[in-house]
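Q: The sequence shown begins at 0 in numbering that gives the first Met the number 0 and counts up by one. The C-beta atom is built at its ideal place from N, Cα and C for all residues, glycine as well. Dropping a structure here in structure tokens format, bear with me for questions.
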Amino acid sequence: MRRLWPASLAGRTALVLILGLMVVQAVGLTIHAFDRVELQRAAEARETAFRSFGLWRALVTAPPERRAAILAEAELPPTLTVTLDAASTLPPDLPHVPLHMSRMFRLDGLNLGLPHPPRRFRPADLQSGALSRNSFGVSMRFHDQGWLNLTIRVPSPRPWHSDNFLIAFVAMSLAAALMIWWAVRRLTRPVADLAAAAGRLGRDVNAPALPETGPREVATAAAAFNTMASNIRRFVADRTQMLAAISHDLRTPITRLRLRAEFLEDEEQRAKMLADLAEMEAMIASTLAFARDDAANEPAISVDLASLARTVLDEAADAEPERAAAITFEGPEHLTMQLRTVALKRALSNLVGNALKYGDAARLRLEQREKGAIMWIDDDGPGIPEASQEAVFQPFHRIEGSRNRETGGTGLGLTIARSILRAHGGEVGLLNREGGGLRVVVRLPG
Ligand code: ADP
């Protein structure tokens, strides 16, 4: 049952409408079929009654000894069997003559202008009764002597036994289903468009606005969505600008502090203070760099991710030739995707740089996925304790051990990498490998 229930709004709406329409049609066609049967039976009854009375009239005006001969010559419909009976009568009070038939016999008996005598059928002159489920008998008395006995077969009606019924049902259902499908698709398309636009906005705050056209509700929703998108854009831009301004303005007091530190008498204190100030400057420089080439401002273009990854690894190997053997690439020759090259290269450089810095190796594996790509960067370092795996993505967060190793980072590398990957609609995660070492998992949507 579950599997038959469509997943999409369009599918569900169409299914409900089509099923509803089929029920309505079936009911409508049934009513129509019953009407037709009713009409058919009336026509049959009329025909049978006319024939019977016609026959009776022909017989009643003929001399009794000629009647058998006339009857033998009469052409009768197959539903009618007639016998002459000189004396007998039908058993009285036979029940259930079909109503339409008995009505017809009475009416026509009265209206036919029957010859005299009797001008009319008295109840005693016309007897009728059911003989079986599908036949009944009518006996009409001749005024002189004997009866005319009619056996009339009434085939049971078969209202659905018509080709037209099925053809009409299928044709109407098909036509209605096509129209419903078309209309529902049109109606629900704006919902799909809105979902796609929301997805695009998640990857790129500068994604183009939705057209504010179409039916009123759709246009209103699109306008609301566009307003929200531009608010988010402004909000992000304001924050980035503020970050840049603060970082920039901090540089002046730091410079002044450095000048003052130079005058410190205590050699050791001076050196420590200058080192702290240098660290602050490095942090500010990377913050400024991050704010300056804000990933959101770079347009996404068609890029070969495989060669981009290889370039990053080659550059790392060039910088540290003694580690070149521990820097490897595995994956397809080419994998073209829509990416922001400069930003993505920075993110990958940060991850590969960390792997080398903290793990003495960088083995990158790239795989194409149905939607996008997935990348693993493995190293041989100590890994990151699970409890810290979220914290290391926070700005300026560094694990104690790495401070001691004097690796010289500022704690922004992973923050920037995640920010860039998320701006692509992707994600980055960490896990410690079984045999030791960290594995960074990067997912990028297509
Ligand atoms: P930085 O490298 O400048 O210190 P990051 O944001 O790149 O800053 O990294 C944050 C912290 O995460 C690092 O200080 C380090 O302690 C830890 N880390 C990052 N990458 C790895 C890795 N490959 N292996 C072990 N620890 C790592």
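(1) I'd like to confirm something about K344: is its beta-carbon nearer than 8 Å to some heavy atom of the ligand ADP, or not?
(2) Is the separation between the beta-carbon of D359 and that of G435 shorter than 9 Å?
(3) Identify the residues that DSSP records as bridge partners of F164: which are they?
(4) Comparing C-alpha positions only, which one of P210, K344, M272 sits nearest to A223?
(5) Just to confirm, are V302 and L350 a CB contact at a threshold of 9 Å?
(6) Express the C-alpha separation of G27 and A196 in angstroms, rounding to a whole number.
(7) I'd like to confirm something about R362: is its beta-carbon nearer than 8 Å to some heavy atom of the ligand ADP, or not?
(8) Looking at the ligand ADP, does it come within less than 8 Å of V427, judged from the CB to the closest heavy atom?
(9) Considering only their Cβ atoms, is the gap separating R152 from L79 smaller than 9 Å?
(10) Which of helix, strand or coil does DSSP assign to F49?
(11) Where does M43 land, buried or exposed, given buried means 16+ other C-beta within 10 angstroms?
(12) Could you pull the start and end residues of the alpha helix (DSSP H) that S387 belongs to?
(13) Note down, in chain order, each residue of its chain lying with its Cβ closer than 8 Å to the Cβ of L287, except the 5 sequence neighbours on either side.
(14) I'd like to know whether the C-beta atoms of L365 and E329 end up nearer to each other than 9 Å.
(15) Do the region 319 to 328 and the region 383 to 394 touch if we need at least three Cβ pairs shorter than 8 Å?
(16) Report the start-end ranges of each alpha helix (DSSP H) in the region 156 to 225 that is 4 residues or longer and not cut off at the edges.
(17) Can you give me the C-alpha to C-alpha distance between V311 and S348, rounded to a whole angstrom?
(18) Entirely within the region 57 to 91 and at least 4 residues each: give me those alpha helix (DSSP H) ranges in chain order.
(19) For L429, which option in A422, R442, H423 has the closest C-alpha, if you only look at C-alpha atoms?
(20) Cβ-heavy atom distance between F392 and the ligand NAP below 8 Å?
(21) Hey, would you say the C-beta of T414 is under 8 Å away from at least one heavy atom of the ligand ADP?
(22) Taking the runs of the alpha helix (DSSP H) that are 4 residues or longer, which of them lie wholly in the region 322 to 366?
(23) Can you tell me which of the three DSSP states E426 falls into?
(24) Cβ of A416 within 9 Å of Cβ of R362?
(25) Could you give the C-beta distance for W146 and S138, rounded to a whole number, given that I count them as a contact under 8 Å?
(26) Could you tell me whether any non-hydrogen atom of the ligand ADP is closer than 8 Å to the CB of T409?
(27) Quick check: what's the CA-CA separation for E74 versus V81?
(28) The alpha helix (DSSP H) with R309 in it runs from where to where?
(29) I believe Q39 touches F168 by the beta-carbon criterion, under 8 Å. Please report the beta-carbon distance rounded to the nearest angstrom.
(30) Express the C-alpha separation of Q240 and L256 in angstroms, rounding to a whole number.
(31) Which value, in whole angstroms, describes the spacing of the CA atoms of L413 and G425?
(32) Would you say the beta carbon of I419 is closer than 8 Å to some non-hydrogen atom of the ligand ADP?
A: In short:
(1) Numbered from 1 along the sequence shown, position 345 holds the residue referred to as residue 344. No, since every heavy atom of the ligand ADP falls outside the 8 Å radius drawn around the Cβ of K344.
(2) One-based indexing of the sequence shown puts residue 359 at position 360. One-based indexing of the sequence shown puts residue 435 at position 436. No; because the gap between Cβ atoms is not below 9 Å, this pair is not in contact.
(3) In the sequence shown, the residue the question calls residue 164 occupies position 165. DSSP lists no partner for F164.
(4) Here residue 223 refers to the residue found at position 224 of the sequence shown. Of P210, K344, M272, the residue nearest in Cα terms is P210.
(5) Locating residue 302 in the sequence shown gives position 303, counting from the first residue. Locating residue 350 in the sequence shown gives position 351, counting from the first residue. Pairing V302 with L350 gives a Cβ-Cβ distance that is not under 9 Å.
(6) Taking the first residue of the sequence shown as position 1, residue 196 is located at position 197. Taking the first residue of the sequence shown as position 1, residue 27 is located at position 28. So the two alpha carbons sit approximately 44 Å from each other.
(7) Numbered from its first residue, the sequence shown carries residue 362 at position 363. Because no heavy atom of the ligand ADP lies under 8 Å away, the Cβ of R362 does not count as near it: no.
(8) Numbered from 1 along the sequence shown, position 428 holds the residue referred to as residue 427. Checking every heavy atom of the ligand ADP against the Cβ of V427, none is found closer than 8 Å.
(9) Along the sequence shown, one-based indexing puts residue 79 at 80. Along the sequence shown, one-based indexing puts residue 152 at 153. Taking 9 Å as the Cβ cut-off, L79 and R152 qualify as a contacting pair.
(10) In the sequence shown, residue 49 corresponds to position 50, counting from 1. Here F49 sits in helix by DSSP.
(11) Within the sequence shown, the letter at position 44 stands for residue 43. This sequence places Glu at residue 43; Met is not what is there. Taking all protein chains in view, the Cβ of E43 is crowded by 16 or more other Cβ atoms within 10 Å, so the residue is classified as buried.
(12) For the purposes of this step, residue 387 is taken as the residue at position 388 of the sequence shown. Neither: S387 is in no alpha helix (DSSP H) and is coded neither H nor E.
(13) Start at 1 with the first residue of the sequence shown, and residue 287 comes out as number 288. Taken in chain order, the residues that qualify are A243, S246, H247.
(14) Along the sequence shown, one-based indexing puts residue 365 at 366. Along the sequence shown, one-based indexing puts residue 329 at 330. One thing to note: L365 has its Cβ within 9 Å of the Cβ of E329.
(15) no
(16) 162 to 202, all fully within the region 156 to 225.
(17) Start at 1 with the first residue of the sequence shown, and residue 311 comes out as number 312. Start at 1 with the first residue of the sequence shown, and residue 348 comes out as number 349. Rounded to whole angstroms, V311 to S348 spans 6 Å at the Cα level.
(18) 66 to 72
(19) Taking the first residue of the sequence shown as position 1, residue 429 is located at position 430. When only C-alpha atoms are compared, the closest one is R442.
(20) Among the ligands modelled here, namely the ligand ADP, the ligand NAP does not occur.
(21) Counting from 1 along the sequence shown, the entry for residue 414 is found at position 415. Yes, the Cβ of T414 comes within 8 Å of a heavy atom of the ligand ADP.
(22) 340 to 358
(23) Residue mapping note: residue 426 aligns to position 427 of the sequence shown, counting from 1. E426: strand per DSSP, three-state reduction.
(24) Along the sequence shown, one-based indexing puts residue 416 at 417. Along the sequence shown, one-based indexing puts residue 362 at 363. For A416 and R362, no; Cβs fall outside 9 Å.
(25) By one-based count along the sequence shown, residue 146 stands at place 147. By one-based count along the sequence shown, residue 138 stands at place 139. About 5 Å separates the two Cβ atoms, so the contact holds.
(26) Sequence index remark: in the sequence shown, residue 409 carries index 410 (1-based). Result yes, Cβ under 8 Å from the ligand ADP.
(27) As a working mapping, residue 74 is identified with position 75 in the sequence shown. As a working mapping, residue 81 is identified with position 82 in the sequence shown. Looking at the backbone, the Cα of E74 and that of V81 are separated by about 11 Å.
(28) Position 310 of the sequence shown, counting from 1, holds the residue named residue 309. Where R309 is concerned, the enclosing alpha helix (DSSP H) stretches over 304 to 318.
(29) One-based indexing of the sequence shown puts residue 39 at position 40. One-based indexing of the sequence shown puts residue 168 at position 169. The Cβ separation is near 20 Å, so there is no contact.
(30) Within the sequence shown, numbered from 1, the residue matching residue 256 stands at position 257. Within the sequence shown, numbered from 1, the residue matching residue 240 stands at position 241. Rounded to the nearest angstrom, the two C-alpha atoms are 25 Å apart.
(31) Numbered from 1 along the sequence shown, position 414 holds the residue referred to as residue 413. Numbered from 1 along the sequence shown, position 426 holds the residue referred to as residue 425. So the two alpha carbons sit approximately 14 Å from each other.
(32) Locating residue 419 in the sequence shown gives position 420, where the first residue counts as 1. No, the beta carbon of I419 sits no closer than 8 Å to any heavy atom of the ligand ADP.
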